[in-house]
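> Okay, handing you the structure first.
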Amino acid sequence: MIQIEAQKKKAALPVWKATPSLPDGTILSGFTKREWRLEKSIRNGGFGLINEVSPTTKSSGSYAIKVKPQDNGPLFCEVAFYRRAATSDLINDWVKSHDLKYLAIPQFIDCGKHESSSLQYRFLIMKRFGDNIEKLFEEAGSKFGVKTVCYLALRILEALEYLHDSHYVHANIKGAHILTGYSHRDQVYLVDYGLAFRYSPNGEHKPYKPDPRRSHDGTIEFTSIDAHDGASPSRRGDLEILGYCLLQWSCGRLPWEDYINDMPMVASLKRRYKDVPTNLIKDCFKGKTYPKCLKSYMESIYKLSYEEIPKYENLKNLFFKELKDNGMSDDGTGLDWISRGGGERGELKGRKRKHDPEPETEYKAMPKAKGRKMT
Numbered sequence: 008m009i010q011i012e013a014q015k016k017k018a019a020l021p022v023w024k025a026t027p028s029l030p031d032g033t034i035l036s037g038f039t040k041r042e043w044r045l046e047k048s049i050r051n052g053g054f055g056l057i058n059e060v061s062p063t064t065k066s067s068g069s070y071a072i073k074v075k076p077q078d079n080g081p082l083f084c085e086v087a088f089y090r091r092a093a094t095s096d097l098i099n100d101w102v103k104s105h106d107l108k109y110l111a112i113p114q115f116i117d118c119g120k121h122e123s124s125s126l127q128y129r130f131l132i133m134k135r136f137g138d139n140i141e142k143l144f145e146e147a148g149s150k151f152g153v154k155t156v157c158y159l160a161l162r163i164l165e166a167l168e169y170l171h172d173s174h175y176v177h178a179n180i181k182g183a184h185i186l187t188g189y190s191h192r193d194q195v196y197l198v199d200y201g202l203a204f205r206y207s208p209n210g211e212h213k214p215y216k217p218d219p220r221r222s223h224d225g226t227i228e229f230t231s232i233d234a235h236d237g238a239s240p241s242r243r244g245d246l247e248i249l250g251y252c253l254l255q256w257s258c259g260r261l262p263w264e265d266y267i268n269d270m271p272m273v274a275s276l277k278r279r280y281k282d283v284p285t286n287l288i289k290d291c292f293k294g295k296t297y298p299k300c301l302k303s304y305m306e307s308i309y310k311l312s313y314e315e316i317p318k319y320e321n322l323k324n325l326f327f328k329e330l331k332d333n334g335m336s337d338d339g340t341g342l343d344w345i346s347r348g349g350g351e352r353g354e355l356k357g358r359k360r361k362h363d364p365e366p367e368t369e370y371k372a373m374p375k376a377k378g379r380k381m382t
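Taking my numbering, the leading residue of the sequence shown gets 8, the next gets one more, and so forth.
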């Protein structure tokens, strides 16, 4: 086991940038020429102002809108991602060609700009979703069962395979960015593409170039070793981040969570665990029984080179095998938040986690990727 010797630091409170609210009933004109009526607020915080929204041609609808100042970089990046890589045609074609029930990536619906009281806003229309996995994880006592962990792993791996084929990486996977369906709570969706990055914008992978000015990007508990080094996000980084999420959901707590304000320490621990993945499993589960797929998964993704194309089918088969070995199937039933009969929408309960405020940096418009056609 790795011995941790570091002084715990008092957590600093995140600084939020307030988003001025638009009044209920505001009519917004979207890129698709549709008009939308702003309804009641759903939430406000680090993820921006989220409201219910409905087409003006209907009295109501299961849609939500994210509204931020026009110069907000993450929303600019997110809108660009949806318009380029998440149209209904692209996603539906992928679902059909890969024989999936659904893809855990929301489809682009609409976006636009709006001016009010001399303030410029940017907005993104999306499906309305249910609870986030972080909330449901905490309501479950900070531990998910094997079936739930495998189900989440399979759905997010399917989503990442599509993202990576579209020349994008997510770069900030975590429970707070995975939402259940609003009506179909057995479905999950990977959201929040404010840090989405085009790793191969011209058909060539970005080179590995550590940059101390960009070190530790993302959410410290889960971010990849590449991100700790300040290198651009990559496919292997996404898979590593997912691995840390899966471990936390299985064991309840990652070995470095007490040291999240000492970023060099967290990075050092992750590097040492990469050298001996067995120690990571030992320190996560402390002698208790654990899903064997997690050890195999971490060993596999730690071996990936920076530009290597992951073997997604091999990774998914680890979780299919785990389900089979436990007499289970990938059918979406028996998920922890459904079998408990709880997980109602509402305020977050249980121990709170640190949410990283989104960077207020303007992104430059990016050219379309070569390869699979984007819109």
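Glycine included, C-beta positions come from ideal geometry on N, C-alpha and C.
Can you list, in chain order, the stretches of the beta strand (DSSP E) that have 3 or more residues and sit fully within the segment 155–205?
With a minimum length of 3 residues, the continuous beta strand (DSSP E) runs that stay inside the segment 155–205 are 185–188 and 195–197.
> How do the segment 136–145 and the segment 181–194 stand: do at least 3 beta-carbon pairs fall below 8 angstroms, yes or no?
Result yes; three or more Cβ-Cβ pairs closer than 8 angstroms.
> Taking Ser-307 as part of the alpha helix (DSSP H), name the residues at either end of that continuous run.
Boundaries of the alpha helix (DSSP H) around Ser-307: 299–309.
> Can you check DSSP and say which residues form a bridge with Glu-122?
Gln-127
> May I ask you to report which of helix, strand or coil DSSP gives Lys-331?
helix
> Considering only the alpha carbon of each residue, which of Ser-312, Asp-78, Lys-40 and Ala-147 lies closest to Lys-281?
Ser-312
> Check Ala-238 in the structure and name its three-state DSSP category.
For Ala-238, the three-state secondary structure derived from DSSP is coil.
> What's the gap between the Cα of Lys-318 and the Cα of Leu-325?
12 angstroms
> Any heavy atom of the ligand NAP within a distance shorter than 7 angstroms of the CB on Arg-205?
As for the ligand NAP, it is missing from this structure, which has no ligand bound.
> Within its chain, find whatever has a CB closer than 7 angstroms to the CB of Val-273; leave out the 5 residues flanking it on each side and keep chain order.
Result list for Val-273: Ile-227, Trp-263, Tyr-266 and Ile-267, in chain order.
> Taking only runs of the alpha helix (DSSP H) that begin and end inside the segment 41–92, which ones reach a length of at least 4 residues, in chain order?
80–92
> Nearest to Trp-256 by alpha carbon, out of Asp-218, Lys-323, His-174 and Gly-148?
Nearest C-alpha to Trp-256: Gly-148.
> Would the segment 165–175 count as touching the segment 120–132 if we require 3 or more Cβ pairs under 8 angstroms?
Taking a contact to require three or more Cβ pairs closer than 8 angstroms, the segment 165–175 and the segment 120–132 do not qualify as touching.
> Once you ignore the five residues that flank Phe-115 on each side, which residues in its own chain have a CB closer than 8 angstroms to its CB?
Around Phe-115: Tyr-89, Arg-90, Ala-93, Thr-94 and Ser-95.
> If I'm right that Cys-258 touches Phe-292 with Cβ under 8 angstroms, what's the distance once you round it to whole angstroms?
The beta carbons of Cys-258 and Phe-292 sit about 5 angstroms from each other, so the pair counts as a contact at 8 angstroms.
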